[in-house]
Amino acid sequence: MKTKRRAIPIDVCICGILTATATALFPSCTIYASWAQILFHIFIVYNGRVHGPAEKAHHVLTSIFLINMRDWRIVSSLGLSQALYALRSILPGGPLAIVLFRGFGVPYMLLVLDVEPIHQVWVWVFTVYTWYTIGSAVAKTIPSDFDTRMVVFHAIGWLQGVSFKQISDMDLAAKILKVSKRKGRGLEYYIACPAWDPIRSVESIDDEEWRLAFSNMSVLIRRLGDISALEEMARKVLERRLNNGVVLDSEDIVRFTVEVFLLYVFGRKWEERFEIFVKASWEWRKELAVKGHADVKIKLGAVELLKEIIRQSEIWELFGEDWMKPEYFSLIMQPFLISPAINFSDVAVSLHEDDSNVSLLDTLRRAHPFPILERVLDIDFSEKDSMGNEISISKETHVIIFLDKQQTYEMSPFGVGPRACLGMKHALAILKPLKQAMKEHPKSFNPKSGHKWSGRDNDGVGTMAENFYFFGAIGNVLLRSFLKK
Numbered sequence: 128m129k130t131k132r133r134a135i136p137i138d139v140c141i142c143g144i145l146t147a148t149a150t151a152l153f154p155s156c157t158i159y160a161s162w163a164q165i166l167f168h169i170f171i172v173y174n175g176r177v178h179g180p181a182e183k184a185h186h187v188l189t190s191i192f193l194i195n196m197r198d199w200r201i202v203s204s205l206g207l208s209q210a211l212y213a214l215r216s217i218l219p220g221g222p223l224a225i226v227l228f229r230g231f232g233v234p235y236m237l238l239v240l241d242v243e244p245i246h247q248v249w250v251w252v253f254t255v256y257t258w259y260t261i262g263s264a265v266a267k268t269i270p271s272d273f274d275t276r277m278v279v280f281h282a283i284g285w286l287q288g289v290s291f292k293q294i295s296d297m298d299l300a301a302k303i304l305k306v307s308k309r310k311g312r313g314l315e316y317y318i319a320c321p322a323w324d325p326i327r328s329v330e331s332i333d334d335e336e337w338r339l340a341f342s343n344m345s346v347l348i349r350r351l352g353d354i355s356a357l358e359e360m361a362r363k364v365l366e367r368r369l370n371n372g373v374v375l376d377s378e379d380i381v382r383f384t385v386e387v388f389l390l391y392v393f394g395r396k397w398e399e400r401f402e403i404f405v406k407a408s409w410e411w412r413k414e415l416a417v418k419g420h421a422d423v424k425i426k427l428g429a430v431e432l433l434k435e436i437i438r439q440s441e442i443w444e445l446f447g448e449d450w451m452k453p454e455y456f457s458l459i460m461q462p463f464l465i466s467p468a469i470n471f472s473d474v475a476v477s478l479h480e481d482d483s484n485v486s487l488l489d490t491l492r493r494a495h496p497f498p499i500l501e502r503v504l505d506i507d508f509s510e511k512d513s514m515g516n517e518i519s520i521s522k523e524t525h526v527i528i529f530l531d532k533q534q535t536y537e538m539s540p541f542g543v544g545p546r547a548c549l550g551m552k553h554a555l556a557i558l559k560p561l562k563q564a565m566k567e568h569p570k571s572f573n574p575k576s577g578h579k580w581s582g583r584d585n586d587g588v589g590t591m592a593e594n595f596y597f598f599g600a601i602g603n604v605l606l607r608s609f610l611k612k
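If you want it as structure tokens, here you go:
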């Protein structure tokens, strides 16, 4: 006796085949194919929220089907439990409905894989047509200056019940940065802060923790003194490395950066054991760029060595035993070692690609290593943009500024206002000699060699494992946003 098949909504078949097709035919279209998959899922969930009970049930079944296709790169990266948490907000029957609908997942999967050949052809044709129709409809709703990265921010805002707004006018952005101090709970809070663990990033923390770090950082900078000495150190270290006759690749740029700052902050010449700071920078970079989990042992090894160096240095007297706390040793590890190691090797790629006559600041504006600024407005904001239009933004709005979307190169790449980069002068003191050396000895540099895990994907490389991790991390962000609502 044959088992009677359940009727299957055609878009269930479409979603399965579409995902399999994208995975099989376009494995190299990493970020773009994956963004399309996330957009498609958001479309399904959105329909479930705005239509009636029957429509909700239909799209819930579709979503559960997708969740069960665990080997395909789509909602599976969220993890089954996380996806079910997200579905609770759209199911008309709450947790009970989850139990009832959950049982349809496996039969749907089996039935879709058992479609007659003639039906498969029809579904393929209809899949292309449906995908084109949905894409066209979504594209019409997107402003011309909209950045696809805002999809994630809007999803976070929707789950938290807060408003996110992208600002692309740099004049307006500068005015907002001058009146705002808080970063809020966006990608920096959910991704950068955990990735920095076990250190605290002065750039990412907020509120009282940031105020303490800002005060202590100011004390440390005053103690370190003359910036011109740092520039001279950078020039001499570069000359010595270039005289060795070796072409400097990405890792050499990282090593050069760490060496100069250890010399400047502690007066310590390079030792073989300092290599762990180079290795650790790659681990932090990988997690900050959302490419994979960092090796915690390497991170902790770098932290322990830094503590030892601090204890033996003259700056020990500034904070004494407090230096052993994360909020204190991070004052050196993040802004003077790890962040420069990550950022300068990224910038070196851009410097090497740009014409030598392009200014350093213009290169930084064009290709900032981590080009997203996030701020929360503490006041109702109303100002004119560069076109003279009055722009009003409500208090508590999360403002997103993409530095790589600047139309005019006027705003400092180090930011403006109270949260501007405290290490701007130190960064320029090293980058100026580096740019000059590249201009004078272009064949002695190949910073793209060995370069990976950029915060803005300027290496254009992403493995399947890295993409899987990326979307798992984004799924985790959305889940945490939902749970904190």
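Take any residue in the sequence shown, note its place counting from 1, add 127, and you have its number in my numbering. Positions of the beta carbon are idealized from the N, C-alpha and C atoms, including for glycine.
Neighbour-count burial assignment, residue i, 16 or more Cβ in a 10 Å radius
{"i": "GLU501", "result": "buried"}
{"i": "VAL279", "result": "buried"}
{"i": "PRO498", "result": "buried"}
{"i": "SER608", "result": "buried"}
{"i": "ASP473", "result": "buried"}
{"i": "TRP199", "result": "Low per-residue confidence applies at TRP199: pLDDT is 36, beneath 50, and the placement is therefore not dependable, though the value from the model is reported in the following sentence. Classification of TRP199: buried, given that the 10 Å Cβ count is 16 or more."}
{"i": "LEU365", "result": "buried"}
{"i": "GLU402", "result": "exposed"}
{"i": "LYS302", "result": "buried"}
{"i": "ASN371", "result": "exposed"}
{"i": "ILE459", "result": "buried"}
{"i": "ASP334", "result": "exposed"}
{"i": "HIS568", "result": "exposed"}
{"i": "LEU415", "result": "buried"}
{"i": "ALA322", "result": "buried"}
Extent of the continuous beta strand (DSSP E) run through residue i
{"i": "SER408", "result": "Element bounds for SER408: not the beta strand (DSSP E) but the alpha helix (DSSP H), 402 to 415."}
{"i": "SER519", "result": "517 to 520"}
{"i": "LYS292", "result": "291 to 293"}
Nonlocal neighbours in the same chain, by C-beta distance under 7 Å from residue i, ignoring five residues either side
{"i": "LYS406", "result": "ILE425"}
{"i": "ASP481", "result": "THR490"}
{"i": "LEU541", "result": "It should be pointed out that residue 541 corresponds to Phe in this sequence rather than to Leu. Excluding residues within five positions, the ones whose Cβ falls inside 7 Å are ALA547, CYS548, MET551."}
{"i": "HIS578", "result": "SER377, SER472, VAL476, ASP586"}
{"i": "SER571", "result": "LEU369, VAL374, LEU375"}
{"i": "ILE318", "result": "VAL417, ALA600, VAL604"}
{"i": "GLU593", "result": "LYS418, GLY419"}
6 Å Cβ shell around residue i - same chain, five flanking residues per side excluded
{"i": "VAL503", "result": "ARG309, GLY311, HIS525"}
{"i": "ASN470", "result": "PRO496"}
{"i": "GLN483", "result": "The residue you asked about is not Gln; residue 483 is Ser in the sequence shown. Same-chain partners within the cutoff: LYS566."}
{"i": "ASP449", "result": "TYR455"}
{"i": "ARG382", "result": "VAL405"}
{"i": "GLU386", "result": "VAL364, TRP397"}
{"i": "PHE393", "result": "ILE436, SER440"}
For residue i, the residue or residues it bridges with in DSSP
{"i": "SER307", "result": "According to DSSP, SER307 bridges with nothing at all."}
{"i": "LEU375", "result": "PHE572"}
{"i": "PHE508", "result": "ILE520"}
Reduced DSSP secondary structure (H/G/I, E/B, other) of residue i
{"i": "LEU500", "result": "strand"}
{"i": "SER466", "result": "helix"}
{"i": "SER513", "result": "coil"}
{"i": "PHE541", "result": "coil"}
{"i": "SER486", "result": "coil"}
{"i": "TRP397", "result": "coil"}
{"i": "VAL392", "result": "helix"}
{"i": "ASP481", "result": "coil"}
{"i": "VAL329", "result": "coil"}
{"i": "TRP580", "result": "coil"}
{"i": "LYS312", "result": "Looking at the sequence itself, residue 312 is Arg, so the reference to Lys does not match. Three-state result, ARG312: coil."}
{"i": "LYS671", "result": "Examination of residue 671 is not possible in this model, given that the chain is present from 128 through 612 alone."}
{"i": "ALA494", "result": "coil"}
Limits of the alpha helix (DSSP H) - the one that residue i falls within
{"i": "ILE527", "result": "It is not in any alpha helix (DSSP H) - ILE527 instead sits in the beta strand (DSSP E) that spans 525 to 529."}
{"i": "GLU359", "result": "354 to 370"}
{"i": "GLN563", "result": "551 to 567"}
{"i": "ILE601", "result": "591 to 610"}
{"i": "ARG546", "result": "That residue, ARG546, is in no alpha helix (DSSP H); it is neither H nor E in DSSP."}
{"i": "MET277", "result": "277 to 287"}
{"i": "VAL430", "result": "423 to 438"}
{"i": "ARG349", "result": "334 to 351"}
{"i": "TYR455", "result": "453 to 459"}
{"i": "PRO321", "result": "320 to 323"}
{"i": "TRP443", "result": "443 to 446"}
Neighbourhood of residue i by C-beta, 8 Å cutoff - its chain only, sequence neighbours within 5 removed
{"i": "SER509", "result": "GLU517, ILE518, SER519, ILE520"}
{"i": "ARG400", "result": "LEU432"}
{"i": "PRO574", "result": "LEU375, ASP376, SER377, ILE380, SER472, ALA475, VAL476, LEU478, HIS479"}
Chain B within 8 Å of residue i, Cβ atoms only
{"i": "LYS302", "result": "No chain B appears in the structure shown, which is made up of a single protein chain."}
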